[in-house]
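A short write-up of the structure that comes next.
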Amino acid sequence: MNDRYEAGYGDDGYGGDQYEIVGYDDYGRPVYQQVPSHGQQPQQLQQPQQQTYDPYGQQQGYAQGGYDTGQQQPIPPAYDPYGTQQAPYDPYGTGGQQPRVTEQTAYIPQQTQPDDDARTEAPPAGSRQAGEDGEFAFVEEPDGDSEDVIDWLKFTENRTERREEARRRARGRIIALGVVLTLVVAGGVGYLWYDGKLPGVSSPGTATGTTVVAGAQKRDVIVVHLHDTGRRGTSTVLLVDNTTTRRGTTVLLPNSLALTDDSGTTTTLAKSVDDDGSSGTRDQLDTVLGTDIQGTWRLDTPYLQNLVELVGNIEIDTDTDVPDPDAKKKGAAPLVHQGSAQTLSGKMAVAYATYRGPGETENAQLKRFGEVMQGALRKLSSDPSAATTTVQTLAQILDPPLTDKDLGTFLAKLADLAKDGKYQTVPLPVQSDGTLSAGTSDSVVKNILGGTAKSPDAGSAVRVAVQNATGAKDDTEKARVTLLGGGFGFIEGGTASGAQTASKVVYSDAADKQNATEVAKTLGLSAAAVSKGAVTSGADVLVVLGQDYRPAAS
């Protein structure tokens, strides 16, 4: 504040005027008026207006950010004890009348005058100045309720959106849960269908399995020939690893299975193993079963014994007592006892795998060999390296292209499946003539092996079994050439125990009588040699060559 305008300024004997603060303007600056000196009336800078009734005593209230100085109480005349107070000097002759001063804010020359825009600025809408129309002065304050309402609407809207979002998420969770449950149910049904445990629905292991699904599966197949070095017999199985369904199978192949060699001669599996060896038999099996066999494992009985001992003996359920082949006395205790979970050593496993009791069929012995193979796989290591070491320890010479590493890796996979209970042993059913039926094609060949059965000359050439009773070994080969040239199929029937004078041509089915007559004519035999009787398994016509046979090429 500038001190030069303080009350009493200029009262220094030089006749200076005196001022005092009477209020503040709209900008917070002080407003002064002149103080009368020595009995003079104070000069009124602002004409007081008629006062309005102010019940609260707030006539000079704060309005629009400053003090309202427009209405001031009139200042009474200074006290004059000598009665010498006179009217103030009137140089214009107005008779002592003070001119009415327009209502405005007082200011002094040294003080900056307020801006006209600030003084003439219209009051805010809805506001009134105190004293207008005799009413109270109201200032319209911002309505807080309107903002509360807006906030409430926003809160309600956000809460509604959150509820909708929660509902959408709940619906999404329900849909996802439904999809998961559907997949679980579908997977369970598919598993039951595949295992044949779904009532009324066929699995891949049944006759009505789906061809496309079975054909699309990938399989690794190896054929195993067990050679009994003591009895001079063979047993054959297929080891199948279905890498698509992760299931392993041992397929038992009967020795009577009809095969056809490269020359078109119809033979049996046992005959093919003895005559054509591993490679020729593998190709013939591929042709008949419509599969792809990757290798052949010839397993002589001494190697089977070593294999069981290397894996630490095996445990299987045995179906009969097996005598000790080395026992010299009759009535000796059996080497293998009948019962469940029997522990077999290498020697016991070989004896059980090759045993065929009195009156038993070949399939009974073949089944025992399959059980021994599955028991050995359960004890073999599932690690490819360890399984390969076991194979190498056998010191076998494998038929190419099979190697120790290939066989060890393959057996390790089957061992893993056997330990997990995903392994089975099934026989390959054949008819009396060694051919495959339609049911066999669907149940085993198609679904397990992924192939198509093609029995040799089925429905076309007549299969002729030839047994030599002439005493000349080369007569069989000459008859074979003659029959093949005449369009017939040839089956090796072996050699008779003794020579016979007359030749025979035998048929069992009346429908084959004409075929038997044609066979006799082709071989140069008389029609009287044709008769009805028993025929060797796998053949339509049986020929017994006697000493009256004269080969065409002599």
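Numbering (the working numbering), first residue to last: 1155 to 1708. Ideal placement from N, C-alpha and C gives every residue a C-beta, glycine not left out.
- Message: Considering only the alpha carbon of each residue, which of T1388, L1552, V1689 and L1423 lies closest to Q1448?
- Response: The candidate whose alpha carbon is nearest that of Q1448 is L1552.
- At which residues does the alpha helix (DSSP H) containing D1427 begin and terminate? Rather than Asp, the amino acid found at residue 1427 in this sequence is Val. Run containing V1427: L1423 to D1429, per the alpha helix (DSSP H) assignment.
- Message: Rounding to the nearest angstrom, what Cα-Cα distance links Y1173 and P1184 in this structure?
- Response: 11 angstroms
- Message: Below 8 angstroms, how does it come out for the segment 1615–1626 and the segment 1635–1651: are there three or more Cβ pairs, yes or no?
- Response: yes
- Item | Sequence-distant residues of the same chain with beta carbon closer than 7 angstroms to D1702, five excluded per side | Once the five neighbours on either side are set aside, the close Cβ partners of D1702 are T1655, A1656 and S1657.
- Please report the Cβ distance between L1407 and T1390, rounded to the nearest whole angstrom; I am assuming they are in contact, meaning their Cβ atoms lie under 8 angstroms. 5 angstroms
- Message: Quick test of the definition: if touching needs 3 or more C-beta pairs under 8 angstroms, does the segment 1558–1575 touch the segment 1531–1540?
- Response: Enough Cβ pairs lie closer than 8 angstroms, so yes.
- Query: For T1450, which residues from the same chain have a beta carbon less than 6 angstroms from its beta carbon, with the 5 sequence-adjacent residues on both sides left out?
  - Reply: V1377, S1432, R1436 and D1553
- Query: According to the Cβ coordinates, are D1454 and L1380 closer than 9 angstroms?
  - Reply: Contact: yes.
- Query: Alpha carbon to alpha carbon, how far is E1786 from R1704?
  - Reply: In the structure as shown, the chain starts at 1155 and stops at 1708, and residue 1786 therefore has no counterpart that could be examined.
- Item | Residue of I1470, V1462, T1474 and A1330 minimising C-alpha distance to S1499 | V1462
- Select from K1482, D1694 and V1465 the residue whose C-alpha is nearest the C-alpha of T1420. D1694
- Item | Residues of its chain near N1622, where Cβ-Cβ distance is below 6 angstroms and the 5 sequence neighbours each way are ignored | D1629, T1630, T1649 and L1699
- Message: Considering only the alpha carbon of each residue, which of R1317, R1452 and T1690 lies closest to L1556?
- Response: R1452
- Beta-carbon proximity of V1697 to G1647, cut-off 9 angstroms: yes
- Cβ-based neighbour list, V1476, same chain, cut-off 8 angstroms, excluding 5 preceding and 5 following: P1488, L1489, V1490, M1502, A1505, Y1506 and Y1509
- Close beta carbons around I1175, own chain, < 8 angstroms, minus the five adjacent residues each side: A1161, P1184, V1185 and Y1186
- Supposed close pair T1383, L1393 - CB separation, criterion 8 angstroms: Actually they are not in contact, since the Cβ atoms of T1383 and L1393 sit about 21 angstroms apart, beyond 8 angstroms.
- Task: Check E1514 in the structure and name its three-state DSSP category.
- Result: E1514: coil per DSSP, three-state reduction.
- Item | CB of A1607 within 9 angstroms of CB of L1443, strictly | yes
- Query: Looking only at its own chain, which residues have a Cβ that is under 6 angstroms from the Cβ of R1522, when we skip the five neighbours before and after it?
  - Reply: Y1506 and A1507
- Message: At a cut-off of 8 angstroms, would you count T1624 as near the ligand ADP, judging by its Cβ distance to the nearest heavy atom?
- Response: This structure does not include the ligand ADP; it has no bound ligands of any sort.
- Around the C-beta of T1594, are 16 or more other C-beta atoms found within 10 angstroms, so that it is buried, or is it exposed? buried
- Query: Between which two residues does the beta strand (DSSP E) carrying R1617 extend?
  - Reply: R1617 to N1622
- Beta-bridge partners of D1374, as assigned by DSSP: D1395
- Task: Kindly identify the DSSP beta-bridge partner or partners of P1581.
- Result: L1406
- Item | Bounding residues of the alpha helix (DSSP H) (the contiguous stretch that carries S1539) | In this chain, the alpha helix (DSSP H) harbouring S1539 covers P1538 to L1548.
- Query: Relative to the C-alpha of T1441, which residue among E1315, F1564 and L1411 is closest?
  - Reply: Comparing Cα-Cα distances from T1441 to each of E1315, F1564 and L1411, the minimum goes to L1411.
- Message: On the criterion of 16 or more Cβ atoms from any shown chain inside 10 Å, does L1331 qualify as buried, or is it exposed?
- Response: With fewer than 16 other Cβ atoms within 10 Å, it is exposed.
- Task: Measure the alpha-carbon distance for G1434 versus R1373 and round it to whole angstroms.
- Result: 21 angstroms
- Message: So if DSSP puts F1644 in a beta bridge, which residue, or which two residues, is it bridged to?
- Response: Paired residue(s): V1618.
- Query: Which residues in the same chain as P1253 place their Cβ atom closer than 6 angstroms to its Cβ, once the five residues preceding and following it in sequence are excluded?
  - Reply: Per-residue confidence for P1253 stands at a pLDDT of 48, beneath the threshold of 50, marking its modelled position as unreliable; the derived number appears in the next sentence. Once the five neighbours on either side are set aside, P1253 has no close Cβ partner at all.
- Message: Once the 5 residues before and after L1520 are set aside, which same chain residues still bring their CB inside 6 angstroms of it?
- Response: S1389 and L1406
- Item | Contacting residues, own chain, Cβ-Cβ under 8 angstroms from A1486 (five flanking each side not counted) | P1477 and D1478
- Alpha carbon to alpha carbon, how far is Q1578 from I1602? Give it in angstroms, no decimals. 11 angstroms
- Message: Using the three-state DSSP reduction, which class does K1686 fall into: helix, strand or coil?
- Response: strand
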